[in-house]
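Undergrad:
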Amino acid sequence: MYKVSVVVPIYNVEQYVGKCVDSILGQTYKDYELILVDDGSLDGSGKIADEYALSDDRITAYHKENGGLSDARNYGLDRARGEYICFIDSDDWIEDNYLYELVRLMDEYQADVVICDYKSNSGEGVISQPDKEEITQESGIEAIDNIWGSRYSEYVVAWNKMYRRTVFNDIRYTVGMIHEDEAICADIYCHASKVVRTNKILYNYRVNNSTSIMTTGYSLKRLDILKAIEIRMDILKNRGLQKYYEKDSFKYLYKIILNELEVKKLDGDNTQIIKELKRKYWNKYRESLSFDWSIKRKIAMLFFGIIPKAYLLRYKRNSK
């Protein structure tokens with residue numbers, strides 16, 4: 003039995019997966035199993051996974067029909083035997099002390115989730131670590147507040163974290179959608195008693211993967227962000243976390259606006275999709291009239307609902 007299970011979903015990344023797996027095999031911490039889940043790759047990724055599995059007893063390569071990233075993560079999670087779980091995306095890589103540092107914090111603080119900082123990386127250069135490690139501790143409910151803050155990405159994504167496996171006892175990623183980690187992040191924190199974060203940069207997120215839907219042009223698949231927020235809002239509402247439910251409702255409204263503007267740019271007749279986005283917007287807006295929002299915000303969201311482009315102009319102005 004290994005203490006840590008590292009799950010790597012793989013799909014058509016033959017040019018990247020070697021760097022990913024090599025970074026795991028180069029860890030200073032050795033008490034782990036590596037689960038490679040080939041999600042129906044059409045290139046040589048599956049063969050590469052098999053070759054690694056033959057080279058090290060800690061590695062198991064599985065092959066399944068393509069079901070998407072969520073399905074592959076769930077598949078690996080169902081077969082993981084470790085006390086702790088990590089997810090590494092197959093086009094990314096980790097620093098050689100990644101597992102050591104996360105296990106150290108899990109054990110030292112009896113945490114249920116440990117989060118490290120990450121660097122968006124093209125594959126070149128050396129990471130410059132902070133001069134002093136800063137560690138924060140918070141309850142799972144307190145951690146939810148970061149879903150809308152400046153550390154949004156750190157707290158939402160599935161990777162850059164170590165989880166106690168029991169956190170996932172009743173949780174699985176929603177299959178068939180992107181933004182799947184955004185959908186269940188609040189549920190994960192609701193199942194965590196303690197969340198610990200370190201400012202050490204231990205994870206490298208690859209930004210130039212041309213096969214990723216998140217780095218290519220806009221498509222209707224990107225509307226999954228709205229499904230993800232809907233799932234998350236249901237979780238928050240059912241947990242009685244009204245303050246966070248209202249925060250997510252605001253994010254939902256502006257995501258509808260931004261996606262409506264993107265859909266209008268697409269070729270083809272997307273009239274029904276735009277009509278549905280408007281329906282969602284005004285349903286949520288009517289509900290928000292009972293929220294503890296300022297009159298100024300309520301009037302602003304009324305105005306932006308009527309003239310979506312006005313929100314985009316404000317968004318660009320405030321981001322300068």
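Heads up, the working numbering is the position in the sequence shown plus 2, with the first residue counted as 1.
Positions of the beta carbon are idealized from the N, C-alpha and C atoms, including for glycine.
1. When the Cα of Phe305 is compared with those of Glu289, Trp284, Gly48, His181, which residue comes out closest?
2. My understanding is that Met164 touches Leu228, with C-beta atoms under 8 angstroms, so please give their C-beta distance in whole angstroms.
3. Considering just the uninterrupted stretch of the alpha helix (DSSP H) at Thr273, what are its terminal residues?
4. Can you tell which of Glu248, Gly307, Ala185 has its C-alpha closest to the C-alpha of Ile276?
5. Considering only their Cβ atoms, is the gap separating Asn162 from Ile117 smaller than 8 angstroms?
6. What does the alpha-carbon distance come out to for the pair Cys88 and Lys300?
7. Put Lys257 into one of helix, strand or coil per three-state DSSP.
8. Provide the residue span of the alpha helix (DSSP H) that contains Asn240, from first to last.
9. Enumerate in chain order the residues of its own chain whose CB-to-CB distance from Glu184 is below 6 angstroms, with the five nearest sequence positions on each side excluded.
10. Measure the beta-carbon distance from Leu225 to Asn272 and round it to whole angstroms, keeping in mind my assumption that it falls under 8 angstroms.
11. Within 10 angstroms of its Cβ, does Ile297 collect 16 or more other Cβ (buried), or is it exposed?
12. How long is the line joining the alpha carbons of Asp250 and Val8, rounded to whole angstroms?
13. State the beta-bridge partners of Ile87 as determined by DSSP.
14. For Pro11, count the other beta carbons within 10 Å of its own beta carbon; 16 or more makes it buried, fewer makes it exposed. Which is it?
15. May I ask you to report which of helix, strand or coil DSSP gives Val115?
16. By Cβ distance, which residues of its chain are closer than 8 angstroms to Leu263, with the 5 residues on each side in sequence left out?
TA: Walking through what the data contain:
1. As a working mapping, residue 305 is identified with position 303 in the sequence shown. Considering only Glu289, Trp284, Gly48, His181, the residue with the shortest C-alpha distance to Phe305 is Trp284.
2. Counting from 1 along the sequence shown, the entry for residue 164 is found at position 162. Counting from 1 along the sequence shown, the entry for residue 228 is found at position 226. In fact, because the Cβ distance is near 30 angstroms, the residues do not count as touching under 8 angstroms.
3. Residue numbering aside, residue 273 sits at position 271 when the sequence shown is read from its first letter. From DSSP, the alpha helix (DSSP H) with Thr273 extends over 273-290.
4. Stepping through the sequence shown from its first residue, residue 276 is reached at position 274. Selected option, being the one with the closest Cα: Gly307.
5. Residue numbering aside, residue 117 sits at position 115 when the sequence shown is read from its first letter. Residue numbering aside, residue 162 sits at position 160 when the sequence shown is read from its first letter. Yes, the Cβ-Cβ distance between Ile117 and Asn162 is below 8 angstroms.
6. Stepping through the sequence shown from its first residue, residue 88 is reached at position 86. Stepping through the sequence shown from its first residue, residue 300 is reached at position 298. Going by the C-alpha atoms only, they are around 41 angstroms apart.
7. For the purposes of this step, residue 257 is taken as the residue at position 255 of the sequence shown. Helix at Lys257.
8. As a working note, residue 240 is residue 238 in the sequence shown. Note, Asn240: alpha helix (DSSP H), 226-240.
9. Residue numbering aside, residue 184 sits at position 182 when the sequence shown is read from its first letter. If we look at Glu184 and ignore the five residues flanking it on each side, its Cβ neighbours are Val158, Ala230.
10. Within the sequence shown, numbered from 1, the residue matching residue 225 stands at position 223. Within the sequence shown, numbered from 1, the residue matching residue 272 stands at position 270. That belief does not hold up - the Cβ atoms of Leu225 and Asn272 are roughly 10 angstroms apart, past 8 angstroms.
11. Working through the sequence shown from its first residue, we reach residue 297 at position 295. It counts as exposed.
12. Looking up residue 250 in the sequence shown gives position 248. Looking up residue 8 in the sequence shown gives position 6. Each residue's alpha carbon lies about 31 angstroms from the other.
13. Locating residue 87 in the sequence shown gives position 85, where the first residue counts as 1. Per DSSP, Ser7, Tyr165.
14. As a position in the sequence shown, residue 11 is number 9, starting the count at 1. The residue in question, Pro11, is buried, as its Cβ has 16 or more Cβ neighbours within 10 Å.
15. As a first step, residue 115 is located in the sequence shown; it is residue number 113 there, counting from the start. Three-state result, Val115: strand.
16. Residue mapping note: residue 263 aligns to position 261 of the sequence shown, counting from 1. Only Pro310, Lys311, Leu314 meet the Cβ criterion.
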